[in-house]
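Mapping of the sequence shown onto numbering that gives the first Met the number 0: residues 0 to 548, in sequence order.
Ideal Cβ positions, reconstructed from N, Cα and C, are used throughout, including at glycine.
These numbers come from a predicted model, not from an experiment.
For reference, the structure discussed in these notes is given below.
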Amino acid sequence: MLTRSWLPRKRLLVIAIAIAIIIVFTTLSDLQYRSSELVAGLHLPSYGGSNTAVQETAGTTTLLDPQAPKYNYVKAILDPKDNEFERLLCPAPNTKRYDYLRVDHGGAEAASGEIKYFFALNLRQAIGVIPRLLGSVLETVRFLGPENCALSIVEGHSDDGTAEVLQAMRVDMENLGLEFHLQTSDIDPKQGDRIEGLAALRNLALEPLLSNSTRYSPDTAVVFVNDVAICMEDMLELVHQRVFQNADMTCAMDWSDIDPAPIFYDIWIARAINGDTFWEIPPDGGWRFSSNLFWNHPTSRQRFDEHKAFQVFACWNGAVVFSAKPLIEKSIRFRKSKAGECYSGEPRLFCKDLWMAGYSKIAVVPSVNLDYSDGSAKKAKELHGYVSDAVKGEGNDKSLKIVWDEKPPEQVKCWHLPAPPRSNSFQPCWVCAHCLSIVDTTSSSVLNDPNPLNLSTMAAPAALPLLDRLVNLEDALDEDDDVLSQLRHPRERDEFFNYLEAHTADIKTLICAHLGFYSQKQPAVEVPAKSMFAFLSLSSSGRIGSPGT
C-alpha cells in the first residue's frame, strides 16, 4: 500500500527537482552573461607613455556559454535594429550625400575585381564596444557594396569573448560576400618596445592589402578604426571628406569622458598645422587647458568651431581614412622612432613619413566625434555634434574647401622625450619637422654624399671628433671637452669657421637632427657659423639643455 502510493510522489519529486535544476542553471547562465556584459563595458584610458590610439577595456571576464552569448553578439552586429545590448544610437545617414562613393553608382570607379575600400582594425578586450563598432562597419560595407570591400581584423588574445565573437562571424561574412581576414597575434606591446609592437600590429592588419597587388590598387581607401563607438555616418563622412578635399588622409576627433566635460584624447599623437599640440601642455603635464583647443592657431580654431575640415601636421583620433598609394608606391609603414628621432607614437610617425614623401594633405574632420564606450560617445556627440547635424545646410559654401599648405611647420612639438638633464619637470620641446630623423632631410647633401663634411681637409684637428660623431649619427651630448677652447690660434678658428660657412646646410641638418630637440625655441639652425659651432661646443660640455637656452 505504501509502495503504491509512494511511486506517484517519487515521480513528481523527480520532475520537480529537474525543473528546479533547469531554473537554477538558466538563472546562473543569465547572471554570468549580464555580468560579462557589464564588466566589459568599463573603459580605462591609458596615458603616460602608451600609445593613446590603443585602448583596453577593464575586466578579465569570459563568455562561459559556448553558444548563446557569442551568437547574440553576432546577431546584434548583423542587425542594426537589434536591441539586446545597449549601444550608441546612430542617426540614419544622408545617403544622397554619399551615393557617389558606391561603385555601382558610377562615382567610385574600380577595375574589375579590385577592392575599393579596405577596413582595418586591431581589437583586444573589445567586447563592450563590438556591437556598435562592427555593426557600423557592416552597415557601411553594405552601403558601399560588400563586393567592393575587405575587412581585416587582428585580434590580440582577448579573454573577454572578443575572439570567440569574431570567429563566430566568419560564416556570416562569407554569406555577405565580404572578403574577411581574421588573425590572432601573439605580439604584446607591453613586452619590449611598446611602439614597435603597436606598429607591428597595425602593419599586420594591413598585410592582406600589401601582399595582394591584384586585388588592391593605389586608389584603394584604407579605413582604419580603433575600438571606438562609431556610426555609419562617421565612417562615410571621413571617406567623403578625403575625396571632397582631395586629401591624403582624414581623421576624426576622439574624446575621453572626464568630468566636467569630455576632453580631446589623442593629445600625444595629434599636431596642429603650426606643429603644436591640440591643447596646451603645462609644465606639470596637467589637463587644465584641455578645453582651449587650438589656442595658438586661430584658423584651426575657427574651422573647428564651424565643423569645417582643417589641415594638421599629424592626427589619428580614433578613426582615419587614407589612400593606399603611400603604402603601395612609397612602401610607407607604421614604425617606431629611429635613432636621433623624437620618441613618438606610430601614428604620428606615419603622418610624418607621409609629409616627407609628399603626401601633405592631412586633415581633421571635426564633425566626426568618437569615444571609447557607447555611453561616453553619446556624451561626446551631444556636446560636439553628430555628422548629420553638422552638414545640414552646407550648400555650396566655398569655404568648406581646405586651402592646403604643402610645406610642413618649421618645428613640431615633441612630447614624451626624456626631460633635459637636471630637470625634474615636464618638458615638451620642439624638433624641426624635416629633420625628425636625418635620413628624411632630402634637401641636404648629407643623404647623397657618403662623406659630406670632408674631415680630412679641415684645419682644426681638435674639432674632428665632435663633428665626426655628428656625421655618423652618434650622440655628442655625452662629451666633456669644450672643443671651441681647443682652437686657440686665430688662423685655425678662421679657417674652421670658413669651412662651416661653406657647409652651412649640412651643419644645420646635423644640429637640428641631434641637438635641436633640447631647445624650446628655434634651435641653432638660423644663426651664423660661429654661433653654430659655439652651440655644438656648449652642448658637448653639457652647459646647455634646459628650455630657452
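Practice item. Can you give me the Cβ contacts of A198 inside the same chain, cut-off strictly under 7 angstroms, excluding the 5 residues immediately before and after it? Key: F333, R334, K335, E345
Review point. What are the boundary residues of the beta strand (DSSP E) that N310 is part of?
Key: Going by the sequence as given, residue 310 is Gln instead of Asn. That run of the beta strand (DSSP E) goes 309 to 313.
Practice item. Below 6 angstroms CB to CB, which residues in the same chain sit around E473 once its five sequence neighbours on both sides are set aside? Key: Here E473 scores only 32 on pLDDT, less than 50, and its place in the model is too uncertain to base an answer on.
Review point. Would DSSP call W354 helix, strand or coil?
Key: helix
Review point. Should the region 362 to 378 be regarded as contacting the region 86 to 96, the criterion being three or more beta carbon pairs within less than 8 angstroms?
Key: yes
Check your understanding: According to DSSP, is Y517 helix, strand or coil?
Key -> In this prediction, Y517 has a pLDDT of 30, which is less than 50 and means its spatial position is unreliable; nothing more can be read from the coordinates.
Check your understanding: Which whole-angstrom value describes the C-beta separation of V153 and A204, a residue pair presumed to lie in contact below a C-beta threshold of 8 angstroms?
Key -> 5 angstroms
Point to revise | Inter-stretch contact at 8 angstroms, needing at least 3 Cβ pairs: the region 114 to 127 / the region 350 to 368 | key: no
**Study point:** Distance CB(F288)-CB(E279) smaller than 8 angstroms
**Key:** yes
Practice item. May I ask which residues mark the beginning and end of the beta strand (DSSP E) holding P217? Key: 215 to 224
Practice item. Go to N121, then tell me how far its beta strand (DSSP E) extends in each direction, as first and last residue. Key: 114 to 122
Exercise for review: Taking P217 as the reference, give the member of F223, L208, L143 with the closest Cα.
Suggested key: L208
Check your understanding: Can S322 and F309 be called in contact, C-beta distance under 8 angstroms?
Key -> no
Review point. Below 8 angstroms, can you find three or more Cβ-Cβ pairs linking the region 347 to 365 to the region 245 to 261?
Key: yes
**Study point:** Spatial distance of L181 from F142 (CA atoms)
**Key:** 22 angstroms
Point to revise | Status (buried if at least 16 other CB within 10 Å, exposed otherwise) for T213 | key: exposed
Exercise for review: With T276 as the anchor, note down where its alpha helix (DSSP H) starts and where it stops.
Suggested key: Taken as a continuous stretch (DSSP letters only), T276 belongs to no alpha helix (DSSP H), as it is neither H nor E.
**Study point:** Beta carbon of Y116 nearer than 8 angstroms to that of N82
**Key:** no
Check your understanding: Excluding sequence positions up to five away, which residues of its chain have a Cβ less than 6 angstroms from the Cβ of I327?
Key -> P217
**Study point:** Whole-Å CB distance - V73 paired with D171, under 8 angstroms assumed
**Key:** 6 angstroms
Point to revise | Enclosing beta strand (DSSP E) for P365 [first to last residue] | key: 361 to 369
Check your understanding: Across which residues does DSSP place V153 in a beta bridge pair?
Key -> N121, Q182
Check your understanding: With C-beta atoms as the reference, is V222 less than 8 angstroms away from M234?
Key -> yes
Check your understanding: Does DSSP put S375 in a helix, in a strand, or in coil?
Key -> helix
Check your understanding: Is it right to say G357 is buried, meaning 16 or more other beta carbons lie within 10 angstroms of its own, or is it exposed?
Key -> exposed
Review point. Is R270 helix, strand or coil when you go by DSSP?
Key: strand
**Study point:** Continuous beta strand (DSSP E) stretch holding M248: start and end
**Key:** 248 to 255
Review point. Which whole-angstrom value is the C-beta distance of K400 and Q244, which I expect to be below 8 angstroms?
Key: 7 angstroms
Review point. A220 and E178: beta carbons closer than 8 angstroms?
Key: no
**Study point:** Status (buried if at least 16 other CB within 10 Å, exposed otherwise) for D304
**Key:** exposed
Review point. Alpha carbon to alpha carbon, what distance is there between W286 and P44?
Key: Confidence at P44 is low in this model, with a pLDDT of 33, below 50, so its placement is unreliable and no value can be given for it.
Check your understanding: For P325, does the count of other Cβ atoms within 10 angstroms reach 16, so buried, or fall short, so exposed?
Key -> buried
Review point. Does the beta-carbon distance from C314 to C341 come in below 8 angstroms?
Key: no
**Study point:** Backbone secondary structure at F263 - three-state DSSP
**Key:** strand
**Study point:** Residue of N93, I126, E138 minimising C-alpha distance to K80
**Key:** E138
**Study point:** Pair within 8 angstroms by beta-carbon distance, L200 and V320
**Key:** no
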